[in-house]
Amino acid sequence: MCMQPPKSALMNLKSKIAASDVLKANILTDLPERQAERFGDKAALAAPDHENRWRDISWRRYAADVRTASLALAALGVRESDNVATFSANRPENLVTDFACFRNRAVSVSIYATSSLEQLVYIINDARCELLFVGNTTQYRIAREAQALCQSLKRIVALKKIEFDPNDSTSMLWTDFMKLGETATEEIAATVDSRAAAAVPDDIATLVYTSGTTGEPKGAILTHGNYDAAMEAHWQRITMIDENDTSMAFLPLSHIFEKGWTYFCLTKGIKVSVNRNPQEIQATIQQVRPTCMCSVPRFWEKVYTAVHEKIASMNPLMRMVVRQALRVGRRRNLKYARIGRKAPWWLETRYRFFEARVFRLLREAIGIDHGNIFPTAGAPVSTKVVEFFHACGINIVVGYGLSETTATVCCFPQTGWEIGSVGTPIPLVNVRIGENDEVLVKSPMVMRGYYNKPKETAEAFTADGWFRTGDAGYIDDHGALFLTDRLKDLFKTSNGKYIAPQAIETLLCEDRYIDQVAVIGDRRKFVSALIVPDFEVLKDFAAKEKIAYDSMEQLVADPKVRSLYTNRLEILQQRLASYEKVKRFNLLPKEFSMEKGELTNTLKIRRAAVNRLYASVIDSMYED
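Here the working numbering is used: position 49 in the sequence shown is 49, and no number is missing along the way.
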């Protein structure tokens, strides 16, 4: 099955852009300058200052900073098509350097702030970057080590004030970098202006490196034409937001989901509040109170768990009220609003009662009392979580996409979305199911290829030009895409049964006692699992059961804890086939982490690494 956009879509895009005083191809090249003319002193960005107070940055100020930075890049010798890297957590400067690159027809290369020395060296060498922006002292020190291993890397610019190595004569602070732009000659200014004027959709905008779950990272080549199409597709699908909304950049801006969403928000004139520390996300949401924000399902799973813990602690009367409210919310929002039908008056009246007394208070407690739309993607999301938040009036929009497709392939439409799906293809995107149920995509949003990797590029496409996503799935009669698993993650037990580990992991993570799961079983007799408990919930259980312990190692080995998880797994797995069920498990005393190589920068399980690091633990689960 294939969802086809109109054949004239791209021509319509170009004509629409040409006719607008706000938008033009390339859309991103001089976006800040055009938006400054439109919005002036309206806030474009917001970020905490050195005293952690949030400060707005106007469109006029943002555009001026982009221009200054673009001149500074040219003054440092950045040429058209040069790759300029940023190794930093989220900062407003990241969005300045991106658009400064675009004005120079240079390429922005974003590197995860948590990347190791090995990962940084690989990307710098692969992209042959001469200039690297770093966010803090830790990243600077890693960059200095990389500099000795990267022949191309000539200069490091620190985005915040830090102390440089005494022997470092090439690095500079952001303030000094910007002074280069402020004092740039008219010749340099003319050069940058001519570059911006000559920009075309075929110019490379960004290299977005994949997380490398099954091998070394690959740089997806995304052109301005890819972003032009992505912006147009989102303007058509995401129609419920406008310049009065506030977004928060929560995910790393090096992640295509956050990068694409933030660019889209900027084209809409939406203020983007830049969250610098993901560990403080709950407090930040309370301060910013975003009306829209993209996130991964794990964020909402944690909120779901926290809310249910709160409900469980209520007195019986309040629990009864909340549960009644949820029943009404599910019926009104899932049975009627979801499909665009008006609820009966008696149901609407009851819903409005609970909306004022339960749901509004819940949203206020989370920090999204004015919530509009909250896209989520990047991993499977439990239907329980989706249904719960929609019952509460929180518009979770499930989607699906990849770095190679400039983010979104599918997402929930405004009405008529299917529970359990990742939505329908957005405009300008074709989807079909190929061999082995692989999801195939054809769209002007699909990357040009992988940087410096012709073999991998060729393997990524079918003979007739469809991009191979590596994901298995199916399309139902309503055009909704359902994902079943990553093809490369599928494994076969020694009994010949194929197992889809992601589906099992998503199911088990619905439980409030479980934080992370790695399903094991490739060429083994049965399925097993490494389970990371939700330690806070487990500690509460230990307190109630009067379990004494001196360490997490001791707690997870306690017979009462083992029995708890055995019973919960039995309940959770009732709908699984016998060969899919986890027969044995091991509770880990520490969570999986990026630092140990167990997770990618996008928090996906590195299965090969987990199998290697926990080889003895895994083997012990298969001892007779």
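Note that beta-carbon positions come from the ideal geometry of N, C-alpha and C, so glycine has one too.
Rounded straight-line distance, which links the Cα of residue j to that of residue i
{"i": "D21", "j": "G269", "result": "Here the model assigns D21 a pLDDT of 35, short of 50, so the residue's position is not dependable, and the following value carries that caveat. Taking the straight line from one Cα to the other gives about 14 Å."}
{"i": "V157", "j": "E553", "result": "43 Å"}
{"i": "L564", "j": "M621", "result": "18 Å"}
{"i": "S382", "j": "E580", "result": "18 Å"}
{"i": "L207", "j": "R575", "result": "42 Å"}
{"i": "R55", "j": "M248", "result": "14 Å"}
{"i": "F526", "j": "D49", "result": "54 Å"}
{"i": "T29", "j": "R103", "result": "5 Å"}
{"i": "A127", "j": "T262", "result": "24 Å"}
{"i": "V582", "j": "S528", "result": "5 Å"}
{"i": "A106", "j": "R195", "result": "9 Å"}
{"i": "K492", "j": "R486", "result": "14 Å"}
{"i": "T406", "j": "A377", "result": "13 Å"}
{"i": "R61", "j": "D41", "result": "8 Å"}
{"i": "F177", "j": "A615", "result": "49 Å"}
{"i": "L538", "j": "E216", "result": "36 Å"}
{"i": "Y140", "j": "V134", "result": "6 Å"}
{"i": "G371", "j": "P166", "result": "49 Å"}
Proximal residues to residue i (C-beta, below 7 Å), its chain only, five neighbours per side dropped
{"i": "V121", "result": "A146, L149 and C150"}
{"i": "F535", "result": "M552"}
{"i": "P533", "result": "Y513, I514, D515, V556 and L587"}
{"i": "Q573", "result": "K581 and V582"}
Residue i, DSSP secondary structure in three states
{"i": "P252", "result": "coil"}
{"i": "P5", "result": "Per-residue confidence for P5 stands at a pLDDT of 40, beneath the threshold of 50, marking its modelled position as unreliable; the derived number appears in the next sentence. P5 falls in the coil class under three-state DSSP."}
{"i": "V191", "result": "The sequence as given places Thr at residue 191; Val does not occur at that position. Helix at T191."}
{"i": "Y140", "result": "helix"}
{"i": "E595", "result": "coil"}
{"i": "K442", "result": "strand"}
{"i": "A220", "result": "strand"}
{"i": "D619", "result": "helix"}
{"i": "L507", "result": "helix"}
{"i": "G366", "result": "Checking the sequence, you will find Ile at residue 366 rather than Gly. In the structure shown, I366 sits in a helix (DSSP, three-state: H, G or I)."}
{"i": "L95", "result": "helix"}
{"i": "G449", "result": "strand"}
{"i": "P413", "result": "coil"}
{"i": "L317", "result": "helix"}
{"i": "D41", "result": "coil"}
{"i": "W466", "result": "coil"}
{"i": "K492", "result": "strand"}
{"i": "L538", "result": "helix"}
{"i": "Q502", "result": "helix"}
{"i": "L132", "result": "strand"}
{"i": "D21", "result": "Because the pLDDT at D21 is just 35, under 50, the model does not fix this residue reliably, and the value given afterwards should be weighed accordingly. In this structure, D21 counts as coil in the three-state DSSP scheme."}
{"i": "P454", "result": "helix"}
With 16 other Cβ atoms within 10 Å as the buried cut-off, status of residue i
{"i": "R612", "result": "exposed"}
{"i": "K596", "result": "exposed"}
{"i": "H224", "result": "buried"}
{"i": "A500", "result": "buried"}
{"i": "N277", "result": "exposed"}
{"i": "T239", "result": "exposed"}
{"i": "R237", "result": "buried"}
{"i": "P316", "result": "exposed"}
{"i": "M627", "result": "Outside the displayed range of the chain (1 to 624) lies residue 627, so it cannot be described from this structure."}
{"i": "I339", "result": "exposed"}
Cβ-based neighbour list, residue i, same chain, cut-off 8 Å, excluding 5 preceding and 5 following
{"i": "S551", "result": "P589"}
{"i": "K218", "result": "Y209, T210, G212, Y450, Y451, K453 and E456"}
{"i": "K154", "result": "E130, L131 and T170"}
{"i": "F461", "result": "F467 and R468"}
{"i": "Y549", "result": "A542, L555 and D558"}
{"i": "A47", "result": "W54, R55, I57, R91, P92, S273, V274 and R276"}
{"i": "P413", "result": "R237, G423 and T424"}
{"i": "L334", "result": "E387, H390, A391 and I419"}
Nonlocal neighbours in the same chain, by C-beta distance under 6 Å from residue i, ignoring five residues either side
{"i": "V429", "result": "V409 and S443"}
{"i": "V328", "result": "R350, Y351 and F354"}
{"i": "K259", "result": "L253"}
{"i": "V610", "result": "A518 and E598"}
{"i": "K497", "result": "Y579"}
{"i": "R332", "result": "A343, L347 and Y351"}
{"i": "E505", "result": "V517 and V519"}
- Message: With three or more beta-carbon pairs closer than 8 Å as the criterion, would you say the stretch 52–69 touches the stretch 93–113?
- Response: Taking a contact to require three or more Cβ pairs closer than 8 Å, the stretch 52–69 and the stretch 93–113 qualify as touching.
- Message: Between the stretch 474–483 and the stretch 415–424, can you find at least three pairs of beta-carbon atoms closer than 8 Å?
- Response: yes
- Check whether the stretch 430–441 touches the stretch 199–206, counting contact only when three or more Cβ pairs, one atom from each stretch, lie closer than 8 Å. no
- Message: Does the contact criterion of 3 or more C-beta pairs under 8 Å hold for the stretch 379–393 versus the stretch 325–343?
- Response: They touch, by the three-pair rule.
- Item | Segment contact, 8 Å Cβ cut-off, at least three pairs: the stretch 78–97 with the stretch 293–312 | Here the stretch 78–97 makes no contact with the stretch 293–312; the two share fewer than three CB pairs at distances below 8 Å.
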